[in-house]
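Residue numbers (the numbering used here), protein chains in the order written: chain A, 528 to 599; chain G, 5 to 626. Read through the structure below, which is laid out as structure tokens, and then see the notes.
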Amino acid sequence: MKKKFKVEELDCACCAEKMEKLIKEIPGVNDASISFMTQKLTIDADDSRLDEIMDEAQKVCAKVESACKIII
Amino acid sequence: MTKRHKQMLTRILITAGLFIALLTAEYTGLFEKVNSPLIEMIAFIIPYLLISYDVIIKAAQNIRHGQIFDENFLMIVATIAAFCVQEFSEAVAVMLFYQVGELFQSYAVGKSRQSISAMMDICPEYANIEEDGELKQVDPEDVETGTAIIIKPGERIPLDGIVLEGESLIDTAALTGESMPRSVAPGSEIISGCVNGNNTLKVQVTKLFEDSTVTRILELVENASSKKAHVENFITRFARVYTPFVTICAAILAIIPPLITGGGWSEWIRRACIFLVISCPCALVLSVPLGFFGGIGAASKIGVLVKGSNYLEALSEMTTLVFDKTGTLTKGEFQVSEIIPENISKEALLELAALGEGYSNHPIASSIREAYQKPVSMDRVTNAAEVTGRGIEACIDGRTVYLGNAKLMQNKGISYTENQSVGTVVYVAADHVFMGTIVISDAVKAGAKDAVDGLKRLGVKKCVMLTGDRKQSAEAVAEQIKLDEVHAELLPGDKVTLVERLLDGQGNKEKLAFVGDGINDAPVLSRVDIGIAMGSMGSDAAIEAADIVIMDDDIQKISSTVKIARRTMRIVRENIAFALSVKAMVMILGALGIATMWMAVFGDVGVAVIAILNAMRALKGA
């Protein structure tokens, strides 16, 4: 199912790209897109494991840009 | 300027102050007098740390997470290397310059985001509900369908609905980009996002806030940035390759030449540092989406919703435009266009026809009655009967009147004057005597010809019309507005086949767009490169089916949008070319030893700043 999240402290477009790529690689994620301009993360993932996946996504984001936070 | 920005600015100003003081000291020979490089280094380290502590922290954090080669690390390495070779002032200056650029970048992005939101500030904040005789303000999200809301003069309409009481003029500028007021009265549909005029309205809500037009439009524009254009994807792939490539070049540059020449390590390492500073492609990756964001914003300002950056890109390459006729090129309303009487007055002819068509529900009948304007006293009419495929037979004021097509006249043996006009022709005869002809046609939209001219001037090669209408009507319209190809009398299936044929005949870089009302064009819209829906003030069907939605009826907006698309692509390409060539030049000059650290920082940060400024131009209209 598709869900949208706001991403805070996303200042670097390069980083947005890296995050997007890494999130797509999380198991259970069908597709992900980060719009740097609107600071939104759209993720199409396995509904039953959504909490788990979002935790992973949060870790991934912190790895790329430490201040970055996904608002769940 | 956010708080973070202001803090940064303060740091920059203090550092700049210290730096200038130290530079002056250096210039006036103070450091020579002291003659201690250690003291000099410490003196410069203070401003250096002030300006770069956040960069150092970020670099450390990122290394801990496995991300070593990022901008922060590279800047630290480069400036520390500068410190090591005793270029103290250069190290501080470079870091200062870098931070100024980063601040500007952050500021510019924030500004861009703000201006798009301001433009899309059509979001209503409250709705008025009547409770116990008083008006209460509630969140539009909490209003159920079927509730009655009150909209006061000057307020923004919060929800979609139908007018129950009141008459007023509505300003649709927020959605269509033009201030053409629409009048509404009880029974009229009202759309959220528009602004009410001078009279209070009582409206029954038909859609929840989350389904309302204004929410859907806002979502559409927001999501448009997610649909990336080809050039955006290209830049992303390029960026992934670019950084490692430049880093490896830097490593090679630092190690190989000194090994070969047997010395000069510090010089080659310095040059390698320049490479490292240049290796971040952030400017490029930032300015491209920013440009498209601006383009989409510019389009929504004129009332055109573009659902994706990729559609904007495709529109700039459009060479063939296929028009649907009814409702797109023509108004979609039947109107009496000619009254040609024989032996009686126009008035009398029209009256006769209006009476004869009095009982009919056919659109032709309505248009004749509309043209007559006066009320018809149907007691003058007896024995009215419809002759299928031919027309109407009636007895009016005691006379036998026939109204219909050529076949009817021939059938009844009435000699009539044939009419070659375009449109639907109604012959009128009374007591076997030909009385005249009434021609009803669908008027071409004002501005259709100018629109086609405009498109041709923009370089659109083919303008094609598809319609299910009669050949004569179609060809007349095509003639009037100077289209290149006309295909008439088409069944819905034929339209698809024809579009596929046109698509096959296209080159690689050519794109085909289809313009229709969006309501019954779904199969065609799914085939074409760009589907454009017009009018319907953003009806659900149109928004769903099309890639680009023009909120009102103005065909000329197509050419305006093409101009915006071209402009956006031009700005994006300019940025890419500029960024790449500056970086390449700095790399070459760096390898040759001509470039300084300053140039490297400019090649990174300065280029980013210029690219961002340029991309913000895309926000301004065509």
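Glycine included, every Cβ here is placed at the ideal spot set by N, Cα and C. Owing to the predicted nature of the structure, the values given are computational and were not obtained by experimental measurement.
Item, Value
"Rounded C-alpha distance that separates G/ILE80 from A/THR565", "30 Å"
"Closest by C-alpha distance to G/ILE273, when choosing among G/THR251, G/GLU169, G/CYS286", "G/THR251"
"For G/GLY299 and A/CYS588, the rounded distance between their alpha carbons", "28 Å"
"Limits of the beta strand (DSSP E) - the one that A/GLU583 falls within", "Here A/GLU583 belongs to no beta strand (DSSP E); instead the alpha helix (DSSP H) covers 577 to 591."
"Three-state secondary structure assigned by DSSP to G/GLY299", "helix"
"Simplified DSSP assignment, three categories, for G/ALA626", "With a pLDDT of only 41 at G/ALA626, under the threshold of 50, the placement of this residue in the model should not be trusted, and no figure is reported."
"Members of the region 558 to 572 of chain A near chain G, C-beta cut-off 8 Å", "SER560, SER562, PHE563, MET564, THR565, GLN566, LYS567, THR569"
"Minimum C-alpha distance to G/THR565 - residue among G/LEU462, G/PRO157, G/ILE547, G/ILE126", "G/LEU462"
"Partners in chain A for G/VAL289, counting only beta-carbon separations shorter than 7 Å", "ALA540, CYS541, GLU544"
"Inter-residue Cα distance where the pair is G/LYS305 and A/CYS542", "30 Å"
"Pairwise C-alpha distance: A/GLU547 and G/VAL289", "14 Å"
"contact_flag[the region 254 to 271 of chain G, the region 531 to 538 of chain G] where n(CB pairs < 8 Å) is 3 or more", "no"
"Contact residues within the region 365 to 398 of chain G, judged by C-beta distance below 7 Å to chain A", "none"
"8 Å Cβ cutoff met for G/GLY55 and G/ARG8", "It is Ile, not Gly, that sits at residue 55 of chain G in the sequence shown. Their beta carbons are not under 8 Å apart, which means G/ILE55 does not touch G/ARG8 by this criterion."
"Residue burial classification, G/PRO190 (beta-carbon count within 10 angstroms, cutoff 16)", "exposed"
"Cutoff 8 Å: A/LYS533 Cβ touching any chain G Cβ", "no"
"Interface residues of the region 56 to 70 of chain G facing chain A [CB-CB below 8 Å]", "LYS62, GLN65, ASN66, HIS69, GLY70"
"Reduced DSSP secondary structure (H/G/I, E/B, other) of G/ALA258", "helix"
"Under the three-state DSSP convention, the category G/SER187 falls into", "strand"
"Closer than 8 Å to chain A by CB, G/THR251", "no"
"Min CB distance G/PHE297 to chain A below 8 Å", "yes"
"Where G/ARG373 falls, given that 16 or more other Cβ within 10 Å makes a residue buried", "buried"
"Where A/PHE563 falls: helix, strand or coil (DSSP)", "coil"
"Span separating the alpha-carbon of G/ASP136 from that of G/LYS206", "16 Å"
"Burial state of G/PHE48, where buried means 16 or more other Cβ atoms lie within 10 Å", "buried"
"Inter-residue CB distance, G/ALA388 and G/GLY427 (contact presumed, cutoff 8 Å)", "Going by Cβ atoms, the distance from G/ALA388 to G/GLY427 rounds to 24 Å, so no, they are not a contact pair."
"Three-pair Cβ contact test at 8 Å for the region 456 to 475 of chain G versus the region 380 to 387 of chain G", "no"
"G/MET591 versus G/ILE278: straight-line alpha-carbon distance, rounded", "8 Å"
"DSSP three-state assignment for G/ILE552, whether helix, strand or coil", "strand"
"Interface flag, A/LYS529 vs chain G, CB-CB below 8 Å", "no"
"Any 3 or more C-beta pairs closer than 8 Å across the region 415 to 432 of chain G and the region 337 to 350 of chain G", "yes"
"Extent of the continuous beta strand (DSSP E) to which G/MET439 belongs", "437 to 448"
"is_contact[G/SER563, chain A] using C-beta, thresh 8 Å", "no"
"Nearest-angstrom Cα separation, counted from A/ASP558 out to G/SER216", "27 Å"
"Segment limits, alpha helix (DSSP H) that includes G/ASN314", "313 to 320"
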